[in-house]
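Working notes, structure below.
Residue numbers (our numbering), protein chains in the order written: chain E, 3 to 147; chain F, 3 to 147.
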């Protein structure tokens with residue numbers, strides 16, 4: 003497999019995992035009853051999860067665009083610089099704030115499972131970008147005179 | 003100023019800001035009284051803040067080592083690849099989990115101010131690594147035949 007094909011496959015995987023992260027996070031919703039008071043658990047009540055969804059959406063959209071751009075040799079410098087920015091955006095979005103939700107996980111286990119799933123998909127997307135960047139750097143080093 | 007000097011200055015700044023982030027986070031501590039019950043607020047009670055301190059310590063230590071390594075041309079490939087890893091580690095550590103602490107900030111304002119300060123210093127360190135990476139890429143692009 004050529005380096006260009008590996009990069010295309012990695013970008014496709016990034017599109018898939020960011021889309022999965024968004025879908026799982028956005029559909030997470032559960033209502034629980036505690037002491038006769040019913041309460042709603044929803045991702046949008048926590049700013050950190052809203053940030054997660056926005057970051058995954060930007061990264062997913064960019065990954066799609068970069069699929070097209072990376073075919074054109076004119077754009078490879080721009081794509082590689084943007085890859086760095088997106089990689090850092092992705093890693094800033096997968097946070098440990100899930101820990102902050104643990105006290106309510108006894109009441110809303112399905113909701114917590116979905117959060118964990120979304121965060122894992124986000125983590126996979128960030129890992130894909132790390133591999134993508136290291137691969138690009140390696141091929142760039144090989145070009146060096 | 004040559005590119006090598008800019009890189010050295012950026013790495014020195016990264017050492018400074020990670021050290022500041024660790025110092026401010028580790029010394030944050032406050033005791034508050036709520037309804038005659040006194041409670042302790044400490045960074046080490048939250049796993050996300052412990053992760054922050056560990057990530058900043060790794061990044062700070064690496065920045066120091068890279069100051070020496072980046073002078074030796076043999077290591078520049080290794081340094082650039084490690085820069086990518088450290089940049090992603092740093093951006094994963096500056097999290098929005100501060101939001102999770104807001105409810106107690108009325109009781110422990112000094113503690114919360116210190117947390118915010120530490121997170122800002124961590125953010126600065128991540129921004130420095132972003133600039134460092136984009137600069138390295140630019141000079142690498144210039145070398146390309």
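C-beta atoms are modelled at their ideal positions from N, C-alpha and C, and glycine is treated no differently.
Nearest candidate by alpha-carbon position, reference residue 4 of chain E, set E:73, E:23, E:35 and E:25: E:73
State the start and end residues of the unbroken beta strand (DSSP E) segment that holds residue 41 of chain E. 39-44
If you count every other CB in all the chains shown that lies within 10 Å of the CB of residue 56 of chain E, and 16 or more means buried, which is it? exposed
If distances are taken between C-alpha atoms only, which option among F:132, F:95, F:90 and F:127 comes closest to residue 49 of chain F? Comparing Cα-Cα distances from residue 49 of chain F to each of F:132, F:95, F:90 and F:127, the minimum goes to F:95.
Residue 93 of chain F beta carbon less than 8 angstroms from that of residue 13 of chain F: no
Counting only beta-carbon separations shorter than 8 angstroms, does residue 77 of chain F have a partner in chain E? no
Check whether the segment 136-147 of chain E and the segment 28-44 of chain F touch, using three or more Cβ-Cβ pairs below 8 angstroms as the test. Taking 8 angstroms as the limit for Cβ pairs, the verdict is that the segment 28-44 of chain F does not touch the segment 136-147 of chain E.
What are the start and end residues of the beta strand (DSSP E) that includes residue 7 of chain E? Note, residue 7 of chain E: premise wrong, no beta strand (DSSP E); alpha helix (DSSP H) at 5-28.
Hey, does residue 137 of chain F have any beta-carbon neighbour from chain E nearer than 8 angstroms? no
Any beta-carbon of chain F closer than 8 angstroms to the one on residue 132 of chain E? Judged by the 8 angstroms Cβ criterion, residue 132 of chain E is in contact with chain F.
Is the distance from the Cβ of residue 110 of chain E to the Cβ of residue 25 of chain E below 8 angstroms? no
Taking Cβ-Cβ distances shorter than 9 angstroms, what residues in chain E pair up with residue 86 of chain F? 86, 89, 132, 135, 136 and 139
What does residue 82 of chain F reach in chain E if we use C-beta pairs closer than 7 angstroms? 139
Determine, using beta carbons only, whether residue 120 of chain F and residue 27 of chain F come nearer to each other than 8 angstroms. yes
What residue does the beta strand (DSSP E) around residue 33 of chain F start on, and which one ends it? 31-36
Have a look at residue 71 of chain F and residue 21 of chain F and give me their C-alpha separation to the nearest angstrom. 20 angstroms
By the three-class DSSP mapping on this structure, what secondary structure does residue 107 of chain E have? coil
For the alpha helix (DSSP H) containing residue 2 of chain E, list its first residue and its last residue. Residue 2 of chain E lies beyond the stretch modelled for chain E, which goes from 3 to 147, so this question has no answer here.
Does residue 144 of chain E come within less than 8 angstroms of chain F when only Cβ atoms are used? no
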